[in-house]
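Asks: One structure, pasted below without further comment.
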Amino acid sequence: MGPREQEGTTLFDQAKVKRKETKLPPLVNAITTSVKKNSDPFHFPGHKRGMAVPSSLVDVISVGPFLHDATELPELDRFGYPTCSLLDAQKWLLTSLVKMAIEELEQEGKKAAGVFITSPTYNGLFLKEQISSYNLHTVLCSFSQSSMLHLSGDHIDRDRVHKCLQSLQTTSPNWLLSASLDATRDELSKNPNTLFNEVMELVIQVKELINHISRVSLLDLSCFSNNFSFMDPLRMTIGVQELGLSGFEAYNILSTSHGIESELIGTQSLTLAFSLGTTKEHTQRLVSGLKYLSINFLQEEREIIKIDHGIERVPFGEVYMSCTPREAFFAKKKKVNFEKSIGRVCGEFACPFPSGIPVLIPGEIITKRAMDYLIQVKDQGAFLKGAVDPLISTVVVCDF
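Sequential numbering of the sequence shown, starting at 1, is according to full-length UniProt numbering.
In structure tokens, the structure reads:
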């Protein structure tokens with residue numbers, strides 16, 4: 001019986017975590033409170049708050065560390081933009097994600113002769129590549145921030161890659177992260193053909209149930225005109241636009257009323273991440289939550305959201321650079337009202353989160369189309385990363 005399956009107890013209780021009755025540091029208190037929340041984690045990391053811990057690690061560290069290993073949930077604050085517990089705990093924290101591998105690839109390349117892509121995408125669409133940095137924690141069961149670099153083909157100089165890694169890697173490695181990678185690899189190698197059978201069966205079952213829920217849609221390969229070679233079966237993107245809801249509104253309802261936490265929120269959809277830690281209880285609550293949305297928001301008199309949800313597509317087609325991002329970074333800057341920013345040179349990033357794709361970058365000419373888009377997605381519930389003023393009432397521009 002898994003820790004979530006014991007009736008009437010929370011993850012925190014089941015882990016038997018003992019602590020002294022003293023006031024906890026703010027961030028420690030936040031992660032403790034998050035475990036007590038007892039929500040269903042349809043987000044990364046893949047071990048799902050200790051539901052799928054590699055067996056070789058259980059006897060060493062138990063499930064306690066995994067219970068507290070989570071993504072940027074509301075109660076855990078935001079890295080880079082802290083407002084509560086993280087702000088109380090610190091001013092600056094750095095985490096080593098895949099950035100190091102990206103820098104390593106830049107050093108390895110002889111010329112600018114490659115394309116950097118996210119593949120599979122957050123929705124699970126797959127394209128072929130020769131070198132990739134894979135965050136093993138997303139679907140498998142290692143700790144957050146743990147990743148592997150995969151090479152294929154004969155075009156990559158492996159010795160040069162190794163030398164670049166040696167020059168870029170930290171001299172103070174986190175052995176717990178490394179051990180979780182090794183244990184996860186070991187578990188996968190022992191059961192390569194059967195490890196995912198249970199969760200794959202759950203996905204098939206839940207898709208069948210969701211397909212019978214009125215005006216709730218599922219993304220699959222038939223939705224695309226171009227031929228993707230593969231789609232990750234453990235990523236499920238659910239469209240809610242026909243309910244008259246944005247993805248942000250649907251997320252808030254499912255989170256507060258049903259304890260369902262999504263991995264990615266879009267203007268029209270939610271993307272859920274399934275993994276070895278996903279249980280039947282999780283999927284039952286998900287289906288129940290979607291039925292709740294369908295029953296309570298499936299009203300003929302409601303204005304059904306148009307295909308673009310009242311928002312034009314991201315304005316990537318019209319990008320005009322006045323200078324390089326480096327030149328903009330070092331340029332003198334000032335804040336102006338957003339109405340007066342049109343036509344000026346942007347001095348900061350403006351990345352709606354999710355999905356974190358920049359709409360404006362330093363050095364780019366600010367257009368009315370870009371600003372209209374940012375205001376619209378912000379009003380729908382997106383959080384703007386990179387901008388000094390997340391409400392974009394003011395914008396940082398270059399003062400040439």
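Quick reminder that beta carbons are idealized off the backbone N, C-alpha and C, glycines included.
#1: Please state whether DSSP places E364 in a helix, a strand or coil.
#2: Round the Cβ separation of Y373 and V396 to the nearest angstrom and send it over; I've been treating them as touching at under 8 Å.
#3: Do V203 and V240 come within 8 Å of each other at the CB atom, strictly closer than that value?
#4: With distances taken from CA atoms, which of L136, K37, T32 and G64 is nearest S85?
#5: Let me make sure I understand the geometry here. Which of P325, G347 and P26 has the alpha-carbon closest to that of residue 401?
#6: Just to confirm my understanding: we take Q205, look at its own chain, exclude 5 residues before and 5 after, and list those with CB closer than 8 Å. What are they?
#7: Is the region 174 to 187 close to the region 242 to 253, with three or more CB pairs under 8 Å?
#8: Start and end of the beta strand (DSSP E) containing M236?
#9: Take N211 and list the residues in its own chain whose beta-carbon comes closer than 7 Å to its own, dropping the five residues that flank it on each side.
#10: What does the alpha-carbon distance come out to for the pair L384 and S393?
#11: Can you tell me which of P45, R49 and F44 puts its alpha carbon nearest to the alpha carbon of S34?
#12: Which of helix, strand or coil does DSSP assign to C323?
#13: How about residue 409 and L181: do their beta carbons lie closer than 8 Å?
#14: How about C141 and L276: are their beta carbons less than 8 Å apart?
#15: So what's L181 in DSSP terms, helix, strand or just coil?
#16: I'd like to confirm the pairing. Which residues does DSSP put opposite S132 in its beta bridges?
#17: Name the two residues that bound the continuous beta strand (DSSP E) containing L391.
#18: On the criterion of 16 or more Cβ atoms from any shown chain inside 10 Å, does L24 qualify as buried, or is it exposed?
#19: Which residue marks the beginning of the beta strand (DSSP E) containing P26, and which one marks its end?
#20: Are the CB atoms of A179 and L57 nearer to each other than 8 Å?
#21: Mapping the DSSP letters down to three states, classify D40 as helix, strand or coil.
#22: In whole angstroms, what is the alpha-carbon distance linking L151 and L168?
Replies: Taking the geometry as given:
#1: Taking the sequence shown and counting its residues from 1, one reaches residue 364 at position 364. The answer is strand: DSSP assigns E364 an E or B state.
#2: In the sequence shown, the residue the question calls residue 373 occupies position 373. In the sequence shown, the residue the question calls residue 396 occupies position 396. Not a contact, Cβ separation roughly 18 Å.
#3: Here the question's residue 240 lines up with position 240 in the sequence shown. Here the question's residue 203 lines up with position 203 in the sequence shown. Not closer than 8 Å, so no.
#4: Within the sequence shown, residue 85 is the residue found at index 85, counting from 1. The shortest C-alpha separation from S85 is found at T32.
#5: An answer regarding residue 401 cannot be provided, because it is not within the stretch 1 to 400 covered by the chain.
#6: Numbered from 1 along the sequence shown, position 205 holds the residue referred to as residue 205. Hits under 8 Å: T283.
#7: no
#8: For the purposes of this step, residue 236 is identified with residue 236 of the sequence shown, where counting begins at 1. From DSSP, the beta strand (DSSP E) with M236 extends over R235 to G239.
#9: What you label residue 211 is simply residue 211 of the sequence shown in a count that begins at 1. L218.
#10: Position 384 of the sequence shown, counted from the start, is the residue given in the question as residue 384. Position 393 of the sequence shown, counted from the start, is the residue given in the question as residue 393. Answer to the nearest angstrom: the Cα atoms are 12 Å apart.
#11: Locating residue 34 in the sequence shown gives position 34, counting from the first residue. Out of P45, R49 and F44, R49 has the C-alpha closest to the C-alpha of S34.
#12: Here residue 323 corresponds to residue number 323 of the sequence shown, with the count starting at 1. Here C323 sits in coil by DSSP.
#13: No statement about residue 409 is possible, as the shown extent of the chain runs from 1 to 400 and does not include it.
#14: If you number the sequence shown from 1, residue 141 lands on position 141. If you number the sequence shown from 1, residue 276 lands on position 276. Yes, Cβ-Cβ distance for C141 and L276 is below 8 Å.
#15: The count along the sequence shown starts at 1 and reaches residue 181 at position 181. In the structure shown, L181 sits in a helix (DSSP, three-state: H, G or I).
#16: Taking the sequence shown and counting its residues from 1, one reaches residue 132 at position 132. DSSP output for S132 lists H150 as bridge partner(s).
#17: Residue mapping note: residue 391 aligns to position 391 of the sequence shown, counting from 1. Here L391 belongs to no beta strand (DSSP E), and DSSP marks it neither H nor E.
#18: Translated into positions along the sequence shown, residue 24 becomes position 24. By the neighbour-count rule (16 or more Cβ atoms within 10 Å), L24 is not buried but exposed.
#19: Here the question's residue 26 lines up with position 26 in the sequence shown. Looking at the DSSP string, P26 is not in any beta strand (DSSP E); the run it does join, the alpha helix (DSSP H), is P26 to K37.
#20: The residue given as residue 179 occupies position 179 in the sequence shown. The residue given as residue 57 occupies position 57 in the sequence shown. In contact: A179 and L57 (Cβ atoms closer than 8 Å).
#21: Within the sequence shown, the letter at position 40 stands for residue 40. DSSP, read as helix, strand or coil, puts D40 in strand.
#22: Translated into positions along the sequence shown, residue 151 becomes position 151. Translated into positions along the sequence shown, residue 168 becomes position 168. Taking the straight line joining both Cα atoms gives about 18 Å.
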